[in-house]
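Numbering (our numbering), first residue to last: -3 to 477. Ideal Cβ placement from N, Cα and C applies to all residues, glycine included.
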Amino acid sequence: MSNKEYSKYFVKPSIKDARKRKVEDTVVLDFNEYFNLKGFGKGKTYRIETYGCQANEADSEKIRGILEALEFTQSETLEHADIILLNTCAIRENAENRVFGELGRLKKFKRNNPNMILGVCGCMPQEEKVVNKILEQVHHVDLVFGTHNIYKLPEYLETVILSKERVIEVFSEQGSIIENMPKIRENNRKAWVNIMYGCDEFCTYCIVPYTRGKERSRDKNHIITEVKDLIKEGYKEVTLLGQNVNSYGRDFKDKSYKFAQLLEELQKLPIERIRFTTSHPKDFDLETVKVIATGGNIMPYIHLPVQSGSNEILKRMNRKYTKESYMQLVNWIYEYIPNASLTTDIIVGFPGETEEQFNMTIELVKECRFEGAYTFVYSSREGTPAASYEDKLSLEDKKKRLYKLNEVVNDGYLIGNERFANKEVKVLVDGVSKNNDEILAGYTENQKLVNFRGPVELIGEIVKVKITDVKTWSLTGDLIE
Ligand code: 5AD
Ligand code: SF4
């Protein structure tokens, strides 16, 4: 398809519009009112490659749902698929480079099969520079759409396939909520459940508020119904998803219904495990800590991104909490939930971070007894405030900080696992181990990976395992009959 042949769909993103936040009610749309073209995909196949966070994984399940509702089927191989969609991530530059590398690799498939449709969706298309690059340099892409208009995929495909015209449609808007999207879930025991979309935090390094629109909470009844349906289908674990789950309900008229209340209500449902991600230290209140402390099906595992241990850096990141208030929250968590496992996210080399400020992060990591952390070198994102901050430290020095931090973080992984030596743990069995198909693998309530010998029939069950060996990244144990 040449660069020139555009369809009626040609809308490029605008970061200026994406930045806007207006106080108005969130529009809730019903997918069924938009869905037509059933059967359009009969006899054709698709493949989706997903990059990035759980929000993208959850979106890919919706995209698969729509494609299968159109009667496309999943292709065994990428090479023979009629449609390939890359659901992309914009959080750091290397995530984007991976996608452009993959688009280059896919070019030969397209050459072999010119009728193949190649699409790019997710967070990257929400960036002006990415769409411009695709328009100028990646001519074999047929379809580009963003995070706000997944529900329009059927009509886009109709245009791309029947009219053989290129579709580019990316909205830079606050976003709505689309209920009743069909979903084909990747896993039949563990499910993602969106409780909210978007983000209003505007941390100065982060692109998410621009790519995913304003924060909007789903009606609790829609969430509860989804979880009840999952229970009927035999699901054992749900993970509640939001960029900042602790601000759930902030956009409701009824300000008394918040995340703590939602958790309490979901806790009463007969689902074995409830998890949630991601938490924001600014909004995580004692009330929520107390609800988690009541245990039951709420898992004692909290991912609580701290980003930095320096108040000056936290301020410039616009995180709106201090090291002291973070520690207060951590202390509450350990006080009320003594068995809790805490993990975090940390950025090193934020513009202007001094050696001293970096060392404050190291100290904080030790103090918090994190049992794991995702650690990143700061990556400048065009259009975010931090992109214009002075950044003198070389990448080499930033990487040195990362390695130093990772050593401390890795000690935390091991110490966290050692807590479970010789203990009995409950494991939700995911499947066979990556390295040995005679060994089963699954996660404990504290989200520790356990390998043990057992029959494949146990996949999908929650079983008891006695831990016999502890390593940094996993536990080994014996099944208790
Ligand atoms: N550079 C590096 N890391 C980032 N994160 C978000 N934006 C950036 C960036 N520009 C990290 C944060 C966040 C996690 C999902 O990704 O630590 O918590
Ligand atoms: Fe990004 Fe901050 Fe929102 Fe998380 S809370 S998605 S880091 S802006």
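Every residue with a CB closer than 6 Å to a heavy atom of the ligand 5AD is listed here in chain order: 87, 88, 201, 202, 301, 303, 341, 343, 372, 374, 375 and 377.
In the three-state reduction of the DSSP assignment, residue 192 falls in the strand class.
Between residue 265 and residue 344, the C-beta spacing is not below 8 Å. Within the segment 155 to 206, the beta strand (DSSP E) runs of at least 3 residues that lie entirely inside it are, in chain order, 162 to 165, 173 to 175 and 186 to 190.
Within the segment 252 to 317, the runs of alpha helix (DSSP H) at least 4 residues long that lie entirely inside it are, in chain order, 255 to 263, 282 to 289 and 307 to 312. A check of alpha carbon separations from residue 450 across 467, 443, 440 and 427 identifies 427 as the nearest. In the DSSP assignment, residue 448 is bridged to 436 and 473. Short note on residue 276: C-beta closer than 7 Å to some heavy atom of the ligand SF4.
Residue state for residue 372 is assigned as strand, using DSSP reduced to three classes.
In this structure the segment 266 to 285 does not lie against the segment 357 to 368, because fewer than three pairs of beta carbons, one per stretch, are closer than 8 Å. Around the Cβ of residue 76, a 10 Å sphere holds fewer than 16 other Cβ atoms; the residue is exposed.
Around the CB of residue 217, fewer than 16 other CB atoms lie within 10 Å, so the residue is classed as exposed.
Of all alpha-carbon atoms in 467, 37, 21 and 9, the one lying nearest the alpha-carbon of residue 412 is that of 467. Straight-line measurement puts the Cα of residue 111 at about 12 Å from the Cα of residue 153. Cβ contact annotation for residue 441 (same chain, cutoff 8 Å, sequence separation greater than five): 269, 295, 296, 297, 421 and 422, in chain order. Check the Cα spacing between residue 67 and each of 119, 34 and 126: the tightest is with 34. Rounded to the nearest angstrom, the gap between the Cα atoms of residue 100 and residue 251 is 49 Å. Taken in chain order, the complete alpha helix (DSSP H) segments of 4 residues or longer contained in the segment 86 to 141 are 89 to 108 and 124 to 133.
For residue 83, the enclosing beta strand (DSSP E) stretches over residues 79 to 84.
The continuous stretches of beta strand (DSSP E) do not include residue 56, which lies in the alpha helix (DSSP H) extending over residues 50 to 65. Separation of the CB atoms of residue 290 and residue 235 is rounded to 19 Å, and the pair is thereby denied contact status at 8 Å.
As computed with DSSP, residue 70 is found in a beta bridge with 42. By DSSP's assignment, residue 339 forms a beta bridge with 299.
Per the coordinates, the alpha-carbon of residue 17 lies some 25 Å from the alpha-carbon of residue 177.
Distance check between residue 126 and each of 396, 24 and 164 places 164 closest, using alpha-carbon atoms only.
Residue 49 sits away from residue 86, with the two beta carbons spaced by 8 Å or more. Going by beta carbons, residue 391 and residue 338 fall outside the 8 Å limit. Partner residues in the beta bridge of residue 25, as assigned by DSSP, are 174.
Within 10 angstroms of the beta-carbon of residue 159 lie fewer than 16 other beta-carbons, which makes it exposed. Distance from the CA atom of residue 179 to the CA atom of residue 352, rounded to whole angstroms, is 48 Å. By the CB criterion at 8 Å, residue 387 and residue 169 fall outside the cutoff.
In the DSSP annotation of this structure, the continuous segment of the alpha helix (DSSP H) that includes residue 410 starts and ends at 391 to 414. Just measuring C-alpha positions, the residue of 202, 323, 280 and 425 sitting nearest residue 452 is 425.
Looking at 187, 211, 256 and 196, the one whose alpha-carbon comes closest to that of residue 222 is 187. Partner residues in the beta bridge of residue 6, as assigned by DSSP, are 164. When DSSP states are grouped into helix, strand and coil, residue 223 belongs to the helix group.
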